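Undergrad: Number 64 in the UniProt record's numbering belongs to position 64 of the sequence shown; there are no gaps in the numbering. Each residue gets a CB set at the ideal place from its N, CA and C atoms; glycine is no exception. Quantities reported herein were computed from a predicted structural model and do not represent experimental measurements.
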Amino acid sequence: MPLIVNVLESLDLALIENQQLQVDLELCKDDNEQLVQAFEKEKQHKKKIEQRLFEYEFATEEEKQHFQQRIDSLANIVKMLELKAKNSSDHSSRLEEKENEIKKEYSKLHEKYNELRRNHFDVMERVKIILGIDGDNKDLSLKEAPNFSNLANMFRTNLQKFVSTEDNMENYDLSGMSTTNQRVDDDDDGVGHPYIHQSNHSFVTSDSASNRQDRWIETEMSYDDTTTIIEDVEELQKDNSKDKNNRDQSLSGIFMDLKFSLIFSFIF
1 MPLIVNVLES
11 LDLALIENQQ
21 LQVDLELCKD
31 DNEQLVQAFE
41 KEKQHKKKIE
51 QRLFEYEFAT
61 EEEKQHFQQR
71 IDSLANIVKM
81 LELKAKNSSD
91 HSSRLEEKEN
101 EIKKEYSKLH
111 EKYNELRRNH
121 FDVMERVKII
131 LGIDGDNKDL
141 SLKEAPNFSN
151 LANMFRTNLQ
161 KFVSTEDNME
171 NYDLSGMSTT
181 NQRVDDDDDG
191 VGHPYIHQSN
201 HSFVTSDSAS
211 NRQDRWIETE
221 MSYDDTTTII
231 EDVEELQKDN
241 SKDKNNRDQS
251 LSGIFMDLKF
261 SLIFSFIF
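(1) So is E125 buried or exposed if we call it buried at 16+ other beta carbons inside 10 Å?
(2) Start and end of the alpha helix (DSSP H) containing L116?
(3) Rounded to a whole number of angstroms, what is the C-alpha to C-alpha distance between N119 and I102?
(4) Within 10 Å of its beta-carbon, does L131 have 16 or more other beta-carbons around it, so buried, or fewer, so exposed?
(5) When we look at the beta-carbon of I77 and count the other beta-carbons within 10 Å, is it buried (16 or more) or exposed?
(6) How many Å lie between R70 and K84 at the Cα?
(7) E99: buried (16+ other C-beta within 10 angstroms of its C-beta) or exposed?
(8) Here's the rule: buried if 16 or more other CB atoms are within 10 angstroms of the residue's CB, otherwise exposed. What is I129?
(9) Report all residues from its chain with a CB closer than 7 Å to the CB of Q182; omit the five preceding and five following residues, and keep chain order.
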């Protein structure tokens, strides 16, 4: 009997232990299923991450190629710009050299122009001094014809005197004009010649001539001041217009007479 009790007790203990093991087994199965589900989720998440990583790598590779191409194109553009800058610097240096040459040529031409202009106005003043006649004889110039031979001799004589006394222009009085006028008056039986009479207002004064010459000589013009030529010409035109308004009618016959006198001077 005690043996049977011991067997039953041992069987009861074994049954209880079996039941606990089954419970633990069920718990382990549940844990295993949860772990399997978690593993599947992590596996899917890993696949998604890998796919996204691959896409990012592909996109970055394309961007890298694009930026590399852009870098190459910019490098070519930089080379072209450096070449253009070098060419432009060479061109600018050539233009500066050309500008310096043009400035030198302009200064030479300007000096030559000033010299020619001074000579021109000097000759004009000489002609005005030689051919200066007062306004009282303008009415007689329309009535009487000139004696060309005497006028040519008078012009030649006065020109020689004026050239010989060029340095002392202030003391030049054209004394030969009055003596020639007297001879012509005697030859023409007392008839006054309209082109060779001398008066107090017939000639331009030596002071005005010297002042104009000083003004012409003192005229200095630079390359930057390009308007002074026009201003000087306008001033001279204004000065000449004052004299021209008073002697327009008389000068119209004088220049014709000068032409005939030069012709007769070459003939005789």
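TA: With the structure as the only source:
(1) Flag for E125 reads buried.
(2) From DSSP, the alpha helix (DSSP H) with L116 extends over P2 to I130.
(3) If you take the alpha carbons of N119 and I102, they lie about 25 Å apart.
(4) Counting C-beta atoms within 10 angstroms of its own C-beta, L131 has 16 or more neighbours from the protein chains shown and is therefore classed as buried.
(5) Taking a 10 Å sphere around the C-beta of I77, we find fewer than 16 other C-beta atoms and assign the residue as exposed.
(6) Computed Cα separation, rounded: 21 Å.
(7) Of the other Cβ atoms in all chains shown, fewer than 16 fall within 10 Å of the Cβ of E99; this residue is therefore exposed.
(8) That one is buried.
(9) In this prediction, Q182 has a pLDDT of 43, which is less than 50 and means its spatial position is unreliable; what the coordinates show is noted afterwards. Hits under 7 Å: none found.
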